[in-house]
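Undergrad:
Protein chains: 2
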Amino acid sequence: MIRIALDAMGGDHAPSVVVEGAVQAVLKNAGKFQVVLCGPQAQVEAELKRLNYTGDAISVVDAPELVAMDDHPTEVLKRKQNSGLVTCVALQKKGMVQASVSAGNSGAMMASCLMILGRQTDRFTRPPIGCSVPTRKGRVVLVDAGANVDEKAPMLVDFAIAGSVFAECYLGHTNPKVGLLNMGEEEKKGPAVIQETYQLLKEAPVNFIGNIEGRDFIAGVADVVVCSGFTGNIVLKMLEGFYELHQEFFGTIDSPAGKKFAEMWDYRNTGGALLLGLNGTGIIAHGRSDAQAIEQAVLVAYQFAAQQVPEKIGQKLAGIKDL
Amino acid sequence: MIRIALDAMGGDHAPSVVVEGAVQAVLKNAGKFQVVLCGPQAQVEAELKRLNYTGDAISVVDAPELVAMDDHPTEVLKRKQNSGLVTCVALQKKGMVQASVSAGNSGAMMASCLMILGRQTDRFTRPPIGCSVPTRKGRVVLVDAGANVDEKAPMLVDFAIAGSVFAECYLGHTNPKVGLLNMGEEEKKGPAVIQETYQLLKEAPVNFIGNIEGRDFIAGVADVVVCSGFTGNIVLKMLEGFYELHQEFFGTIDSPAGKKFAEMWDYRNTGGALLLGLNGTGIIAHGRSDAQAIEQAVLVAYQFAAQQVPEKIGQKLAGIKDL
Numbered sequence: 002m003i004r005i006a007l008d009a010m011g012g013d014h015a016p017s018v019v020v021e022g023a024v025q026a027v028l029k030n031a032g033k034f035q036v037v038l039c040g041p042q043a044q045v046e047a048e049l050k051r052l053n054y055t056g057d058a059i060s061v062v063d064a065p066e067l068v069a070m071d072d073h074p075t076e077v078l079k080r081k082q083n084s085g086l087v088t089c090v091a092l093q094k095k096g097m098v099q100a101s102v103s104a105g106n107s108g109a110m111m112a113s114c115l116m117i118l119g120r121q122t123d124r125f126t127r128p129p130i131g132c133s134v135p136t137r138k139g140r141v142v143l144v145d146a147g148a149n150v151d152e153k154a155p156m157l158v159d160f161a162i163a164g165s166v167f168a169e170c171y172l173g174h175t176n177p178k179v180g181l182l183n184m185g186e187e188e189k190k191g192p193a194v195i196q197e198t199y200q201l202l203k204e205a206p207v208n209f210i211g212n213i214e215g216r217d218f219i220a221g222v223a224d225v226v227v228c229s230g231f232t233g234n235i236v237l238k239m240l241e242g243f244y245e246l247h248q249e250f251f252g253t254i255d256s257p258a259g260k261k262f263a264e265m266w267d268y269r270n271t272g273g274a275l276l277l278g279l280n281g282t283g284i285i286a287h288g289r290s291d292a293q294a295i296e297q298a299v300l301v302a303y304q305f306a307a308q309q310v311p312e313k314i315g316q317k318l319a320g321i322k323d324l
Numbered sequence: 002m003i004r005i006a007l008d009a010m011g012g013d014h015a016p017s018v019v020v021e022g023a024v025q026a027v028l029k030n031a032g033k034f035q036v037v038l039c040g041p042q043a044q045v046e047a048e049l050k051r052l053n054y055t056g057d058a059i060s061v062v063d064a065p066e067l068v069a070m071d072d073h074p075t076e077v078l079k080r081k082q083n084s085g086l087v088t089c090v091a092l093q094k095k096g097m098v099q100a101s102v103s104a105g106n107s108g109a110m111m112a113s114c115l116m117i118l119g120r121q122t123d124r125f126t127r128p129p130i131g132c133s134v135p136t137r138k139g140r141v142v143l144v145d146a147g148a149n150v151d152e153k154a155p156m157l158v159d160f161a162i163a164g165s166v167f168a169e170c171y172l173g174h175t176n177p178k179v180g181l182l183n184m185g186e187e188e189k190k191g192p193a194v195i196q197e198t199y200q201l202l203k204e205a206p207v208n209f210i211g212n213i214e215g216r217d218f219i220a221g222v223a224d225v226v227v228c229s230g231f232t233g234n235i236v237l238k239m240l241e242g243f244y245e246l247h248q249e250f251f252g253t254i255d256s257p258a259g260k261k262f263a264e265m266w267d268y269r270n271t272g273g274a275l276l277l278g279l280n281g282t283g284i285i286a287h288g289r290s291d292a293q294a295i296e297q298a299v300l301v302a303y304q305f306a307a308q309q310v311p312e313k314i315g316q317k318l319a320g321i322k323d324l
């Protein structure tokens with residue numbers, strides 16, 4: 002049975018919505034996985050009691066220390082080993098769970114996963130964030146969604162490789178099309194590092210379709226969109242901002258199209274972003290997560306663990322050590 | 002009387018919509034400016050006749066050569082001096098018009114403006130594109146919207162200075178707030194060049210408010226958004242793509258909010274982007290421009306010329322030669 006560790010104190014509305022999300026996840030997916038809630042035991046158990054949950058698909062591991070959103074990542078790792086966040090990843094390292102999820106301090110989650118689980122390649126400075134993003138043709142993978150900056154070309158190629166496995170295993174894209182986010186379609190467009198990446202991607206073990214522009218991204222031309230963490234973060238937050246503006250203008254429009262649009266763009270249906278290139282599955286959920294978002298993040302974690310996505314990424318990356 | 006030169010053969014739907022746009026512009030703004038249409042004389046005059054325009058606010062200068070969208074910019078400048086595009090800028094250099102507008106080959110328009118009008122500072126490789134972009138709080142200036150790549154920090158500071166004059170003169174923002182587009186608000190976030198730019202902007206003669214994220218951009222937190230031409234181009238095309246998707250889902254929603262949203266995001270209300278840091282006003286209109294978009298581009302050109310935006314930018318840039 003796959004077990005998912007969930008940081009009970011992570012996110013703006015913890016622990017209540019986190020525990021609610023866990024309960025919903027196990028009730029709707031009975032027999033598939035178990036959730037291990039890591040947090041202050043009495044408090045977490047009180048939430049379970051409030052929700053009348055008495056099943057055996059959820060267990061609690063006591064982790065009384067609290068991580069603040071502005072705690073320095075490496076300090077958390079050093080001084081708050083009994084926090085829910087660090088406990089999740091430590092359990093995973095011991096093989097007691099197969100994935101970890103936190104909606105808390107994302108820098109601390111990244112540092113914990115990096116230091117405790119370890120990286121699959123030295124070419125990554127930090128594990129790139131892979132995030133599924135809605136487009137006209139369905140969900141695609143954006144990588145890096147915000148972990149790295151000033152990447153060299155071979156690292157961007159690794160993003161493409163890791164993103165392709167993500168798109169194949171999680172989104173079901175066969176031989177996923179990889180697009181390099183750029184300001185034009187021509188080979189000679191864009192910053193020097195992007196032009197260099199273009200040449201490397203032509204030789205890389207991915208289905209490279211060339212440069213894609215901002216409009217193509219939204220149109221869903223590529224299944225995997227490769228860019229710097231800097232660009233990815235800006236793009237992702239801009240889409241979030243645009244959707245929020247849309248909601249402010251119209252709310253959820255009461256029509257089939259309106260429901261489909263909301264379903265596409267509501268961040269809660271994303272569930273969480275995956276830290277790629279690590280020896281294991283670490284999921285960063287949105288700090289604003291409500292119960293539905295947490296439920297989705299747990300599901301995502303389950304799917305990654307069940308399909309051994311990190312292992313598959315590791316195999317692909319190992320094959321190109323000589324970039 | 003201010004005169005605007007308009008490339009009659011520029012854009013996907015030239016010359017018909019271009020001439021229509023010119024006629025609408027002069028009819029709606031009688032006595033403010035004149036338009037000089039540059040293109041094959043007989044063809045342009047036939048369009049004017051079709052539209053029954055017989056006033057004296059439009060004149061035609063014969064420019065029989067045609068520029069294709071894939072013509073190499075510098076080749077256009079060398080070999081197609083009798084094209085509408087090059088003729089516009091040449092007339093401006095001679096002082097016969099005060100601004101030039103083309104919806105044609107934007108690389109050729111940029112090269113022509115750069116080579117014929119000349120640049121105001123050697124810190125610009127290419128003139129950055131300033132573009133007004135809708136936000137929750139109204140229009141703001143994005144600079145660079147796609148001309149440059151791999152900019153050094155001092156050049157990004159110049160973008161901020163030029164963009165501030167743009168925002169003040171054209172959009173009416175007093176002491177416009179300058180935001181540096183980044184992946185986080187903290188000073189130490191982002192690529193090395195962005196961190197360096199942050200430090201320079203603190204000392205620059207602009208109203209620097211710090212880093213802004215993608216969501217802040219859409220929220221309208223800054224009046225001037227500074228970024229690389231690479232980032233600006235991606236962001237702008239992504240917004241265009243998102244709005245197109247919205248239109249595909251809903252069309253223009255028949256309500257006051259729907260009309261306001263459409264008015265905000267319809268590219269035709271932007272009219273054109275300004276090439277900044279040149280000795281004169283050069284406007285690049287969207288290749289897909291219809292008559293309404295051309296009319297708006299002519300109006301934008303008029304406003305820049307009337308308010309001497311390029312001269313004011315030049316004065317500000319001259320003051321910081323020692324960056």
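Residue numbers (this note's numbering), protein chains in the order written: chain A, 2 to 324; chain B, 2 to 324. Every residue gets a Cβ at the ideal spot worked out from N, C-alpha and C, and that includes glycine.
(1) In chain A, what lies closer than 8 Å to B/Leu-115 by C-beta?
(2) On the three-state DSSP scale, how would you describe A/Lys-178?
(3) Decide if B/Lys-260 is buried, meaning its Cβ has at least 16 other Cβ atoms within 10 Å, or exposed.
(4) Mind checking whether B/Ile-314 and B/Val-166 have CB atoms under 7 Å apart?
(5) Are three or more beta carbon pairs between the region 241-248 of chain B and the region 197-216 of chain B nearer than 8 Å?
(6) Answer yes or no: does any C-beta atom of chain B fall closer than 7 Å to that of A/Pro-155?
(7) Please classify A/Met-239 as buried or exposed, where buried requires at least 16 neighbouring CB atoms within 10 angstroms.
(8) Quick check on the DSSP output: what are the complete alpha helix (DSSP H) runs of length 4 or more inside the region 254-293 of chain A, in order along the chain?
(9) What residues from the region 181-192 of chain B come within 9 Å of chain A, judged by C-beta to C-beta, listed N to C?
(10) According to DSSP, is A/Asn-212 helix, strand or coil?
(11) Taking any Cβ of chain A, which residues in the region 228-239 of chain B have a Cβ under 9 Å from it, in chain order?
(12) With the cut-off set at 7 Å, would you say A/Val-90 and A/Val-77 are in Cβ contact?
(13) Rounded to whole angstroms, what's the CA-CA distance from B/Asn-30 to B/Val-24? Just pull it up for me.
(14) What first and last residue would you give for the beta strand (DSSP E) that runs through A/Arg-4?
(15) Along the region 122-151 of chain B, what residues have a CB closer than 7 Å to any CB found in chain A?
(16) Taking all protein chains shown into account, do 16 or more other C-beta atoms lie within 10 angstroms of the C-beta of A/Asn-212, making it buried, or fewer, making it exposed?
(17) For a contact meaning CB atoms closer than 7 Å, what does A/Ile-254 contact in chain B?
(18) Which whole-angstrom value is the C-beta distance of B/Thr-271 and B/Ala-302, which I expect to be below 8 Å?
(19) Output the distance between the C-alpha atoms of A/Gly-119 and B/Gln-293, rounded to the nearest integer angstrom.
(20) Near B/Val-225, which residues of its chain fall below 6 Å by C-beta distance, leaving aside the five closest residues on each side in sequence?
(21) Around the C-beta of B/Ser-60, are 16 or more other C-beta atoms found within 10 angstroms, so that it is buried, or is it exposed?
(22) Report yes or no: is there a C-beta of chain A within less than 7 Å of the C-beta of B/Ala-47?
(23) Are there three or more Cβ pairs, one per stretch, closer than 8 Å when the region 11-22 of chain A is compared with the region 97-110 of chain A?
(24) Determine the extent of the beta strand (DSSP E) in which A/Phe-34 is found, giving its start and end residues.
(25) To which residues of the same chain is A/Val-349 closer than 7 Å at the C-beta, ignoring the five residues directly before and after it?
(26) Assign B/Ser-229 to one of three DSSP states: helix, strand, or coil.
(27) Whether or not the region 38-49 of chain B and the region 122-142 of chain B are in contact is what I'm after, with contact meaning three or more pairs of Cβ atoms, one per stretch, closer than 8 Å; do they touch?
(28) Based on the DSSP secondary-structure assignment, which residues constitute the bridge partners of B/Gly-131?
(29) Which residues in the same chain have their Cβ closer than 7 Å to the Cβ of A/Val-222, if we skip the five residues on either side of it in sequence?
(30) State yes or no: is the beta carbon of B/Ile-219 nearer than 7 Å to at least one beta carbon in chain A?
(31) Distance check for B/Lys-81 and A/Ala-109, CA to CA, integer angstroms please.
(32) Which first and last residues belong to the alpha helix (DSSP H) in which B/Ile-195 is found?
(33) From B/Ile-117 to B/Lys-317, what does the alpha carbon distance come to, in whole angstroms?
(34) Going by other Cβ atoms of all chains shown within 10 Å of its Cβ, with 16 needed for buried, is B/Pro-206 buried or exposed?
(35) If we define contact as Cβ-Cβ less than 7 Å, is A/Glu-312 a contact residue for chain B?
(36) Under a CB-based cut-off of 7 Å, is B/Arg-269 close to chain A?
TA: If we stick to the structure as given:
(1) Here residue 115 of chain B refers to the residue found at position 114 when the second sequence is read from its first residue. Correct list: empty, because the minimum Cβ distance to chain A is about 18 Å.
(2) Indexing the first sequence from 1 puts residue 178 of chain A at position 177. Three-state DSSP puts A/Lys-178 in a strand.
(3) Counted from its first residue, the second sequence places residue 260 of chain B at position 259. Per the 10 Å Cβ criterion, exposed.
(4) For this step, residue 314 of chain B is matched to residue 313 along the second sequence. For this step, residue 166 of chain B is matched to residue 165 along the second sequence. Result yes, Cβ atoms of B/Ile-314 and B/Val-166 sit closer than 7 Å.
(5) no
(6) On the first sequence, position 154 is the one that residue 155 of chain A refers to. False, the Cβ-Cβ gap to chain B never drops below 7 Å.
(7) Along the first sequence, one-based indexing puts residue 239 of chain A at 238. Buried, by the Cβ-count rule.
(8) 257-266
(9) Leu-182, Asn-183, Met-184, Gly-185, Lys-190, Gly-191, Pro-192
(10) Taking the first sequence and counting its residues from 1, one reaches residue 212 of chain A at position 211. Reduced to three states, the DSSP call for A/Asn-212 is strand.
(11) Cys-228, Ser-229, Gly-230, Phe-231, Thr-232, Gly-233, Asn-234, Ile-235, Val-236, Leu-237, Lys-238, Met-239
(12) Translated into the one-based positions of the first sequence, residue 90 of chain A becomes position 89. Translated into the one-based positions of the first sequence, residue 77 of chain A becomes position 76. Contact flag unset, no.
(13) As a working note, residue 30 of chain B is residue 29 in the second sequence. As a working note, residue 24 of chain B is residue 23 in the second sequence. Rounded to the nearest angstrom, the two C-alpha atoms are 10 Å apart.
(14) To locate residue 4 of chain A, count along the first sequence from 1; it is residue 3. Unbroken beta strand (DSSP E) run through A/Arg-4: 3-8.
(15) Arg-137, Gly-147, Val-150, Asp-151
(16) If you number the first sequence from 1, residue 212 of chain A lands on position 211. Counting Cβ neighbours within 10 Å, A/Asn-212 comes out buried, since at least 16 surround it.
(17) For the purposes of this step, residue 254 of chain A is taken as the residue at position 253 of the first sequence. Neighbours of A/Ile-254 on chain B, chain order: Phe-251.
(18) Here residue 271 of chain B is taken as the residue at index 270 of the second sequence, counted from 1. Here residue 302 of chain B is taken as the residue at index 301 of the second sequence, counted from 1. Wrong, their Cβ atoms sit about 13 Å apart, outside the cutoff.
(19) For the purposes of this step, residue 119 of chain A is identified with residue 118 of the first sequence, where counting begins at 1. For the purposes of this step, residue 293 of chain B is identified with residue 292 of the second sequence, where counting begins at 1. Cα to Cα, A/Gly-119 sits roughly 58 Å from B/Gln-293.
(20) Your numbering for residue 225 of chain B matches position 224 in the second sequence. Only Val-142, Gly-164, Ser-165, Ala-168, Pro-177, Val-179 meet the Cβ criterion.
(21) For the purposes of this step, residue 60 of chain B is taken as the residue at position 59 of the second sequence. It is exposed - the Cβ of B/Ser-60 has fewer than 16 other Cβ atoms within 10 Å.
(22) Locating residue 47 of chain B in the second sequence gives position 46, counting from the first residue. Output row for B/Ala-47: interface = no.
(23) yes
(24) Counted from its first residue, the first sequence places residue 34 of chain A at position 33. Start and end: 34-40.
(25) As shown, chain A starts at 2 and ends at 324. That puts residue 349 of chain A outside it, with no answer to give.
(26) The count along the second sequence starts at 1 and reaches residue 229 of chain B at position 228. The answer is coil: DSSP assigns B/Ser-229 none of H, G, I, E or B.
(27) no
(28) Along the second sequence, one-based indexing puts residue 131 of chain B at 130. BP columns for B/Gly-131 point to B/Val-144, B/Leu-275.
(29) Indexing the first sequence from 1 puts residue 222 of chain A at position 221. Closer than 7 Å at the Cβ level, and outside the excluded window around A/Val-222, lie Gly-180, Ile-213.
(30) By 1-based counting over the second sequence, the position of residue 219 of chain B is 218. Closer than 7 Å to some Cβ of chain A, the Cβ of B/Ile-219 qualifies, so yes.
(31) Numbered from 1 along the first sequence, position 108 holds the residue referred to as residue 109 of chain A. Numbered from 1 along the second sequence, position 80 holds the residue referred to as residue 81 of chain B. Cα to Cα, A/Ala-109 sits roughly 60 Å from B/Lys-81.
(32) Sequence index remark: in the second sequence, residue 195 of chain B carries index 194 (1-based). Here the alpha helix (DSSP H) through B/Ile-195 covers 193-204.
(33) The sequence position of residue 117 of chain B within the second sequence is 116, counting from 1. The sequence position of residue 317 of chain B within the second sequence is 316, counting from 1. Going from the Cα of B/Ile-117 to the Cα of B/Lys-317 covers about 22 Å.
(34) By 1-based counting over the second sequence, the position of residue 206 of chain B is 205. By the neighbour-count rule (16 or more Cβ atoms within 10 Å), B/Pro-206 is not buried but exposed.
(35) As a first step, residue 312 of chain A is located in the first sequence; it is residue number 311 there, counting from the start. Not one chain B Cβ lies under 7 Å of A/Glu-312.
(36) Here residue 269 of chain B is taken as the residue at index 268 of the second sequence, counted from 1. No, no contact with chain A.
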